[in-house]
Structures are given as C-alpha cells and as structure tokens.
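Undergrad:
Written out as structure tokens, the structure reads:
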C-alpha cells in the first residue's frame with residue numbers, strides 16, 4: 113500500500129528537478145562580419161560558422177568562431193595573408209567572447225532587451241576585457257542576438273606593416289548576428 | 013522496497029549529474045570549443061605552403077588563385093666573379109617576363125619569354141592532390157607541370173638544313189610536397205626533359221633529374237629558400253653541372269620579391285635543369301631576382 117505514493121513522490125521530485133534545470137541555448141545559425149575601411153581599400157569578410165552557448169538562468173554566454181572560416185575577401189591572396197600573417201590562424205585558430213550579461217533582467221520571458229555583455233574577448237591569442245552592447249529578442253524559446261562593435265588591431269597584437277597602412281584600418285568594425293535555440 | 017531503492021539511487025545519480033553540469037557551465041567556452049574541435053564535417057586545406065608559384069628558378073607546389081593574373085619579371089645578372097669592372101655581373105642582365113593565370117583553383121597556365129637564347133615558354137600546372145585536414149585528411153600536395161619551350165635564336169649554321177622542331181624542348185615535372193609547420197615546407201620534384209636537338213650525337217636527348225627544395229620562414233614576411241636539381245649521371249650533358257640556388261622571399265602585400273644566388277642563368281626548365289654551365293666551386297655565381305605582382309581579375313573569395 114505504501115509503495116505507490118512513494119514512487120509517485122520520487123518520480124515527481126525527479127521530473128520537477130529536471131524542469132528547473134538551467135535553460136541552455138545554442139547557436140543554430142550565426143554569422144560574423146568584419147570590415148576594414150581604409151583610404152585605399154575596403155576589406156570585408158564574414159563567417160557563417162559562428163558557434164555559441166547561452167545560459168539564460170545564469171545569464172552567461174560563450175561565442176567562438178574559426179578564423180579560417182572567414183570568406184569574401186577581395187582576393188584569395190588577401191584571405192591567405194589574413195590567415196597567415198595577421199590572425200595567424202594556425203597558431204590561434206579561434207576568436208571568442210565569453211562572459212555574463214550585466215543587466216538584471218529575466219531572460220526567460222519573451223521580449224526585446226537592450227543589454228550589455230561583459231566578458232573576455234580573445235582575438236589572435238590576446239584577451240581583452242570588454243563591455244559590448246547587444247540587442248536581444250526572445251520569442252518562443254528562440255533568442256536572437258545582434259551586436260555591432262569595434263576591435264582595435266593594436267589591442268590584440270596584430271601589427272600592420274608600413275606598406276599596407278593605407279590599405280588596412282587600425283580599427284575593425286564587427287557585426288554579429290545569431291539565433292539560438294533550446295539545446 | 014527494491015523498486016524504491018532503485019528510484020532513490022536514480023534520484024541521487026540525477027542530482028549528482030545535475031551538479032556536474034552546473035560546475036561545467038562555469039566555463040561555457042571550454043564546452044563550446046571542445047564541441048568545435050570534435051566537429052569533423054569541414055575540410056581545411058593548407059594554404060601558403062610557399063609565398064609564390066616559383067621556389068627560385070623552378071616551380072613550387074603553389075598555384076595562383078582562380079582569376080588571378082601573376083606578372084613575373086625575373087633577372088639573372090652576370091657572373092659575380094667577374095669583379096668590379098662588370099660591377100660583379102650587374103652589367104650583364106638576362107631577363108624573363110612571364111604572365112601566369114589561374115583558370116581554376118587547381119589549374120594554372122603561364123607563358124614567358126627569356127632573353128637567354130630568345131626563348132618562349134609555356135606551361136600548365138595541375139594540382140592533383142591538396143594537403144588538408146579535417147573531414148578529408150591528405151598529408152601531401154601533388155602537382156603535375158608539363159612545359160614546352162621554343163628557342164628562337166638564329167641557328168648557328170643557317171646554311172645547313174635546319175628543322176623547326178630542333179628549336180623545341182619539353183619537360184614533365186611532378187611536385188610532391190608538404191607544409192610541415194607554419195615555417196617549414198619541403199618538396200621533391202622528379203623531372204623528365206626532352207630536347208629535340210642536342211649538340212653532340214653522343215649526348216642524350218632525354219634527361220632525368222630529381223629536384224629538392226624547401227623554405228624556412230625567418231619572419232612572417234621573409235623566408236629562406238633552397239633549391240637543388242640533381243641530374244642523373246647517365247643523362248647529363250657535357251660541361252653542365254647541377255643547379256643549386258639559395259635565396260630569400262620578401263613579401264609585401266600583393267608583391268613578392270625573390271632575391272637569390274644561383275649557378276644557373278636560364279629561367280625555364282630545360283635551361284636551368286639540363287643546361288647549367290656555372291659551378292659554385294669555381295665561383296660561377298649569378299645574382300638574380302624575381303618580382304611577382306598579382307592582379308585579381310575574377311570575383312571575390
């Protein structure tokens with residue numbers, strides 16, 4: 113007689129504990145585009161292989177992209193130089209941003225949020241602490257992120273030889289877009 | 013009671029599993045990057061094994077990209093041992109201008125004209141295997157380079173019956189190489205050369221040689237290169253020696269400057285592999301340079 117209710121109770125505990133597990137989201141489709149607008153040349157390239165995880169409960173996140181997945185350069189040689197000379201993608205294969213959302217908002221509700229993400233931005237093996245503004249749209253368990261920010265090449269130890277000074281900007285514009293779904 | 017025990021154990025396990033999961037979320041990035049590393053559905057092709065399509069005199073395993081025109085101007089000066097009167101050979105320049113073009117990612121063509129024996133040459137370079145890792149793992153790059161050269165210098169004796177075919181020579185070269193690290197690349201180049209006319213009846217029309225070459229990067233934009241062609245003794249022409257060249261590649265944006273010292277004066281396969289007259293041990297060293305400038309004609313990459 114006792115057995116049934118106890119089993120029921122434990123099953124209940126088991127399921128309820130699962131239901132309150134952190135809501136993990138991961139990137140289903142993400143793109144990152146950078147552009148260098150210098151007097152003599154506009155260089156633009158993007159990757160659609162942006163990966164990321166987002167923990168809505170703890171408001172923590174991590175995004176990462178393979179450097180060699182960037183495409184759209186003005187020439188194949190430029191892409192080669194990007195990987196070989198500037199970002200050194202063999203040595204530093206990925207660029208990443210991980211951290212926490214500063215604002216105290218409940219990200220489990222649908223809505224539009226203007227938030228600031230604080231964390232470590234790692235490019236070319238050099239990590240900088242950054243606060244980056246993002247737009248978040250949460251709708252029916254899909255989180256859409258959009259952000260524009262800039263990266264100073266000097267901050268990440270990427271040096272430009274004098275001969276290409278007019279062809280490469282020292283400040284690079286970056287645009288990130290991603291849709292995250294329940295993991 | 014047994015059932016309850018099992019359920020209890022299950023609850024306990026799931027609870028510990030949950031705490032483990034929470035611990036690891038403290039480094040979401042490490043979870044993410046571990047996933048990315050395990051991803052095997054993309055092939056990453058090795059690029060920039062060499063800075064340009066020539067190692068020094070001969071071909072490297074590098075191709076120009078699709079729709080890219082590579083204009084090459086090369087000079088070889090006179091013998092350094094001629095001393096100050098000839099400004100160590102700089103007074104005597106011999107040059108080749110060449111135009112290379114990438115038809116596809118793996119096929120390029122090129123034509124050139126050398127002052128040495130007023131020679132026109134043409135080649136095709138076909139990349140058959142491409143070093144890669146990831147989904148498709150390939151340890152080496154392999155290319156096939158057939159060439160043809162046409163000497164247009166006047167025949168030595170115009171009175172005898174000369175044939176047009178006497179002006180032609182051909183070469184077939186396989187290039188096998190590998191980028192071992194960011195800085196070090198090596199390649200082997202077995203080559204077969206046929207020339208329709210040789211000077212002496214006793215000489216062979218067919219020449220076999222094996223080349224070896226490599227580069228070691230010194231800085232990001234400068235590399236040290238060596239190239240050596242060993243001609244198989246039975247096929248070697250009289251009075252010729254093996255071609256040995258050392259040099260530097262200096263890359264600045266779209267240009268590559270190659271500065272080198274070599275005992276060869278020719279700049280097409282037949283002349284530098286089969287017809288090298290200079291000898292390093294006698295001081296027959298020629299200074300030379302190649303300048304490469306690429307122009308993108310095709311669409312974006």
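Residue numbers (my numbering), protein chains in the order written: chain P, 113 to 295; chain L, 13 to 313. Note that CB positions come from ideal geometry on N, CA and C, so glycine has one too. These numbers were taken from a predicted model, which means no experiment stands behind them.
Mind checking which residues open and close the alpha helix (DSSP H) that includes residue 193 of chain P?
TA: Here residue 193 of chain P corresponds to residue number 81 of the first chain, with the count starting at 1. Element bounds for residue 193 of chain P: 188 to 193.
Undergrad: Is the CB-CB distance between residue 235 of chain L and residue 255 of chain L below 8 Å?
TA: Residue numbering aside, residue 235 of chain L sits at position 223 when the second chain is read from its first letter. Residue numbering aside, residue 255 of chain L sits at position 243 when the second chain is read from its first letter. No, the Cβ-Cβ distance between residue 235 of chain L and residue 255 of chain L is not below 8 Å.
Undergrad: Taking only beta-carbon positions, decide if residue 44 of chain L is within less than 8 Å of chain P.
TA: Translated into positions along the second chain, residue 44 of chain L becomes position 32. By this cut-off, residue 44 of chain L is an interface position.
Undergrad: For a minimum of 3 consecutive residues, which ranges assigned as the beta strand (DSSP E) are wholly contained in the stretch 131 to 191 of chain L?
TA: Those beta strand (DSSP E) runs which fall completely within the stretch 131 to 191 of chain L and span 3+ residues are 131 to 141, 144 to 146, 153 to 163 and 180 to 191.
Undergrad: According to DSSP, residue 281 of chain P sits in a beta bridge with which residue or residues?
TA: Residue mapping note: residue 281 of chain P aligns to position 169 of the first chain, counting from 1. Its beta-bridge partners do not exist; DSSP assigns none.
Undergrad: Could you have a look at residue 260 of chain P and say whether DSSP puts it in helix, strand or coil?
TA: The residue you call residue 260 of chain P lines up with position 148 of the first chain. Here residue 260 of chain P sits in strand by DSSP.
Undergrad: From residue 86 of chain L to residue 157 of chain L, what does the alpha carbon distance come to, in whole angstroms?
TA: As a first step, residue 86 of chain L must be located in the second chain, where it is residue number 74. As a first step, residue 157 of chain L must be located in the second chain, where it is residue number 145. If you take the alpha carbons of residue 86 of chain L and residue 157 of chain L, they lie about 20 Å apart.
Undergrad: When DSSP builds the beta bridges, which residues end up paired with residue 297 of chain L?
TA: The residue given as residue 297 of chain L occupies position 285 in the second chain. According to DSSP, residue 297 of chain L bridges with nothing at all.
Undergrad: Quick one: measure Cβ to Cβ for residue 262 of chain P and residue 283 of chain P, integer angstroms, because I've assumed they're closer than 8 Å.
TA: Along the first chain, one-based indexing puts residue 262 of chain P at 150. Along the first chain, one-based indexing puts residue 283 of chain P at 171. Contact flag correct, Cβ pair sits at about 5 Å.
Undergrad: Please list, in chain order, all residues of the same chain as residue 218 of chain L whose beta carbon is under 8 Å from its beta carbon, the five residues on each side excluded.
TA: As a first step, residue 218 of chain L is located in the second chain; it is residue number 206 there, counting from the start. Around residue 218 of chain L: 204, 205, 206 and 247.
Undergrad: Excluding sequence positions up to five away, which residues of its chain have a Cβ less than 6 Å from the Cβ of residue 129 of chain L?
TA: Counting from 1 along the second chain, the entry for residue 129 of chain L is found at position 117. Contacts found: 163 and 165.
Undergrad: For the stretch 233 to 247 of chain L, which residues have a CB atom closer than 8 Å to at least one CB atom of chain P, in sequence order?
TA: Cβ contacts with chain P: 233.
Undergrad: Less than 8 Å between the CB atoms is what I'm expecting for residue 281 of chain L and residue 249 of chain L, so what's the real figure, rounded?
TA: The residue labelled residue 281 of chain L in the question sits at position 269 within the second chain. The residue labelled residue 249 of chain L in the question sits at position 237 within the second chain. No, residue 281 of chain L and residue 249 of chain L are not in contact; Cβ-Cβ is about 14 Å, not under 8 Å.
Undergrad: What does the alpha-carbon distance come out to for the pair residue 189 of chain L and residue 147 of chain P?
TA: Numbered from 1 along the second chain, position 177 holds the residue referred to as residue 189 of chain L. Numbered from 1 along the first chain, position 35 holds the residue referred to as residue 147 of chain P. The straight-line gap from Cα to Cα measures roughly 35 Å.
Undergrad: So, are the CB atoms of residue 258 of chain P and residue 247 of chain P less than 8 Å apart?
TA: The residue labelled residue 258 of chain P in the question sits at position 146 within the first chain. The residue labelled residue 247 of chain P in the question sits at position 135 within the first chain. Yes. Within cutoff.
Undergrad: Could you say if the stretch 99 to 106 of chain L and the stretch 62 to 79 of chain L meet the contact criterion of at least three C-beta pairs nearer than 8 Å?
TA: Judged by Cβ distances under 8 Å, the stretch 99 to 106 of chain L makes no contact with the stretch 62 to 79 of chain L, as fewer than three pairs qualify.
Undergrad: Can you pull the chain L neighbours of residue 160 of chain P, defined as C-beta to C-beta under 7 Å?
TA: Here residue 160 of chain P corresponds to residue number 48 of the first chain, with the count starting at 1. Within chain L, no residue comes near residue 160 of chain P; the closest Cβ sits about 12 Å away, beyond 7 Å.
Undergrad: When the cut-off is 8 Å and only beta carbons count, does residue 83 of chain L lie next to chain P?
TA: Position 71 of the second chain, counting from 1, holds the residue named residue 83 of chain L. No, residue 83 of chain L lies away from the interface with chain P (no Cβ there is under 8 Å from its Cβ).
Undergrad: Using the Cα positions of residue 276 of chain P and residue 156 of chain P, report the straight-line distance between them to the nearest angstrom.
TA: Along the first chain, read from residue 1 onward, the residue named residue 276 of chain P stands at position 164. Along the first chain, read from residue 1 onward, the residue named residue 156 of chain P stands at position 44. Near 16 Å, if we compare the C-alpha coordinates of residue 156 of chain P and residue 276 of chain P.
Undergrad: Between which two residues does the alpha helix (DSSP H) carrying residue 147 of chain P extend?
TA: What you label residue 147 of chain P is simply residue 35 of the first chain in a count that begins at 1. Not the alpha helix (DSSP H): residue 147 of chain P falls in the beta strand (DSSP E), residues 136 to 149.
Undergrad: Just the Cα atoms here: how many angstroms apart are residue 129 of chain P and residue 253 of chain P?
TA: Stepping through the first chain from its first residue, residue 129 of chain P is reached at position 17. Stepping through the first chain from its first residue, residue 253 of chain P is reached at position 141. Low confidence applies here, because residue 129 of chain P scores a pLDDT of 45, under 50, leaving its location unreliable and the question unanswered by this model.
Undergrad: Specify the secondary structure class of residue 240 of chain P as computed by DSSP and reduced to three states.
TA: Here residue 240 of chain P corresponds to residue number 128 of the first chain, with the count starting at 1. Residue state, collapsed to three classes: strand.
Undergrad: Where does the unbroken beta strand (DSSP E) through residue 229 of chain L begin, and where does it stop?
TA: In the second chain, residue 229 of chain L corresponds to position 217, counting from 1. Here the beta strand (DSSP E) through residue 229 of chain L covers 218 to 229.
Undergrad: Is it the case that the CB of residue 133 of chain L approaches a heavy atom of the ligand NAP more closely than 7 Å?
TA: What this structure holds is no ligand at all, so the ligand NAP is not there to describe.
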